[in-house]
């Protein structure tokens, strides 16, 4: 696919309200590559929280409200493996048999996770302007297994020559977020994030980066509760910070 | 106490048992590493998974004909076939066979289906002595506990705990924590039982319709002894274990042993085709097969849920589940724990009985990634969550659909829908949440027991995007 001139940016509800800096950095990275980034004003949420809780009718109505945000045949870029996975993998199931199924399928087919788009479509090259830094990469389960894009974040970070990537034990294991799981099974989730933060802390990384803000909210929130730990950053924000001012 | 409260009580007990959690973490880390050495080439693994999936899927599609063929072939071979719809029926059939043969003592090979029927308990009530001959099963029979894992039933016990158990029940044997010596002791105890038992009971891994062959996969030789030393052998299995052809077995066997225990092949693989023939020196005089339905037919009619029945009981989904490793198997409170248990048990027993198990899943997808027959476990668990809170969407014959719908929760999701399906309302909400962020609660139930509370940013991304000159399209 030749680099498109325009893309839609689907920010996700978590980023819109809690981590807007991550979303903005993602949009700036795209813009710096010469892509016009459109932020549809009426976007809200992909429907995943209700879908994963069994409330499919409610999920469908919310997902349906997003369809009119992406009318033109240009890519939809999502700074989250989890929400990207919802659109690409689960919208087809959710919309099956509905009158707007073809529209949903079309949007699903042109949806990309952000790092996937940066690597596969834009073939971005990055110049590291930051200080030497040790980072650990937490690939979200949905980026790894639903979207199959765990290696994209690795390849982007590998372009930063002053960043050393530390590898935590049991890297592929879930951090315990799981959306409403963290509330419904709070104690199991707490045990899981304890194991995850222990493993990350043991690497002596100064910063933990991820493609998903859900994981970061979990891991970062746990570090804070435990009295401190590595910083947590969404990959977009991290890349933007390391390369800011770098002309394409 | 309802099922959710009971589940949380078991979870609480498991999470507070540090030794138990260390045992599981250490055992599962080992099993994962062993499995991974068997699959150095991912492309070969994926090809084998697809082959195994097709064998199982084909068998399920043709199941009614294959079961008829299986019965005809087995009967022709001299093996008597019995059909049981419920666990009670299966137990009665087995009890009657034993009574008719005058059998008072039984050695058992490992069988999860016999756990479904609580066969040991039933036989003991009839006055039959039952001894488990699989080492793990032998250990938990001493401890009077159910299996905590479908392949490694005593995985929750470390060597010290096993040593203490042996010492308690067999005080004449010198105390040791040496695994080889413990195994040797069990071997000596069991040898006498094999020699003296009136009957052997086993499970079945694959029942081949084409030839009427019962395949039994094992490592300890106890399966072979249980099925050949006593004069009577009774096998029990689920109806879904039937496969079409003998040539279907090799790919299933290969992926089963490599996935389950990280072995290229198990030490023993038994193919049982008939009772002892005239002139033969060993083998049972009579062989019976009990085929149990126990809810499987109900699962089979649903195109999506049908995939659950592809399972070959390797336990790999369990070994990779990040929730199971924290809790162990007993916390689930069902015969089958872990991802396959979450998917299977509510279908087998009823959502109204054990549907709350579906909450013990982060949807991480690790189970689906390793399943040797490609069961889409997260998808099935998600479907069951939907069935649990809404009985209107499908007409599938599952028990207890809609039984976990709680009015408060349903109202929250309706409100959520109103908010997120109406952009103007949503904008008003984000405006309020960002401007009034200082009002964000600092305690958010279980979330803030382990983490700080998230806080809305001062400005939403939508506002920042406008400020930075990004268009709305």
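Protein chains in written order, with my numbering: chain A, 10 to 257; chain B, 16 to 488.
By construction, the Cβ of each residue, glycine as well, lies at the ideal position given by its N, Cα and C atoms.
Only a predicted model underlies this, so the values are computations on that prediction, with no experimental measurement involved.
Around residue 457 (chain B), the same chain offers 468 as residues with beta carbons nearer than 6 Å, after the five sequence neighbours per side are excluded. The Cβ atoms of residue 203 (chain A) and residue 374 (chain B) do not sit closer than 8 Å to each other.
Within the segment 33-115 of chain B, the runs of beta strand (DSSP E) that reach at least 3 residues and sit entirely inside it are, in chain order, 94-99. By the CB criterion at 8 Å, residue 282 (chain B) and residue 261 (chain B) fall outside the cutoff.
For residue 24 (chain A), the neighbours in chain B by C-beta distance under 8 Å run, in chain order, 476. Minimum Cα-Cα distance from residue 118 (chain A) among the listed residues A:124, A:182, A:101 corresponds to A:101. Here residue 26 (chain B) is not bridged, per DSSP, to any residue.
Nearest C-alpha to residue 216 (chain B) among B:120, B:419, B:222: B:120. Bounds of any beta strand (DSSP E) do not take in residue 231 (chain A); it lies within the alpha helix (DSSP H) bounded by 222-234. For residue 467 (chain B), the chain A residues whose C-beta falls within less than 7 Å of its own C-beta are 230, 233, 234, listed in chain order.
Nearest to residue 389 (chain B) by C-alpha distance, out of B:355, B:196, B:219, is B:355. Boundaries of the alpha helix (DSSP H) around residue 184 (chain B): 174-184.
Within 7 Å of the CB of residue 441 (chain B), the CB atoms of chain A belong to 53, in sequence order along the chain. The beta carbon of residue 227 (chain A) sits closer than 6 Å to those of 184, 186, 202, all from its chain and outside the five residues before and after it, given in chain order. Under the Cβ criterion (8 Å, minimum of three pairs), the segment 86-93 of chain A does not count as touching the segment 58-75 of chain A. Using a Cβ-Cβ cut-off of 8 Å, residue 105 (chain A) does not count as an interface residue toward chain B, since no Cβ of chain B sits closer than that to its own. With 16 or more other Cβ atoms from the protein chains shown falling within 10 Å of its own Cβ, residue 70 (chain A) counts as buried. Taking the beta carbon of residue 42 (chain A) as reference, no residue of chain B falls within 7 Å; the closest one sits roughly 14 Å away. When secondary structure is reduced to three states using DSSP, residue 137 (chain B) falls in the helix class.
Residue pairing from DSSP places residue 215 (chain B) in a beta bridge opposite B:122, B:248.
Beyond the five residues adjoining it in sequence on each side, residue 68 (chain B) comes within less than 6 Å, by CB distance, of 388, 389 in the same chain, given in chain order.
Residue contact with chain B for residue 67 (chain A): present (Cβ-Cβ distance below 8 Å to some residue of chain B). In its chain, beyond the 5 residues on either side, 75, 314, 315 have a beta carbon closer than 8 Å to the beta carbon of residue 321 (chain B). Counting the other CB atoms within 10 Å of its CB gives residue 165 (chain B) a total of 16 or more, which places it among the buried residues. The C-alpha of residue 352 (chain B) lies about 15 Å from the C-alpha of residue 324 (chain B).
Within its own chain, the residues whose Cβ lies closer than 6 Å to the Cβ of residue 288 (chain B), once the five positions on either side in sequence are excluded, are 92, 228, listed in chain order. Between the C-alpha atoms of residue 132 (chain A) and residue 267 (chain B) there is a straight-line separation of about 42 Å. Within 7 Å of the CB of residue 156 (chain B), no CB atom of chain A is found; the nearest one sits about 29 Å away.
The Cβ of residue 219 (chain A) sits no closer than 8 Å to any Cβ of chain B. Residue pairing by DSSP places residue 31 (chain A) opposite no residue, since no beta bridge is assigned to it.
At least one C-beta of chain B is nearer than 8 Å to the C-beta of residue 154 (chain A). Contact of residue 375 (chain B) with chain A is assigned, a C-beta pair being separated by under 8 Å. In the three-state scheme derived from DSSP, where H, G and I count as helix and E and B as strand, residue 483 (chain B) is classed as coil. Taking 8 Å as the cut-off, the Cβ atoms of residue 24 (chain A) and residue 31 (chain A) count as close. Residue contact with chain A for residue 360 (chain B): absent (no Cβ-Cβ distance below 8 Å to any residue of chain A). Close to residue 226 (chain A), with beta-carbon spacing below 7 Å, are these residues of chain B in chain order: 469.
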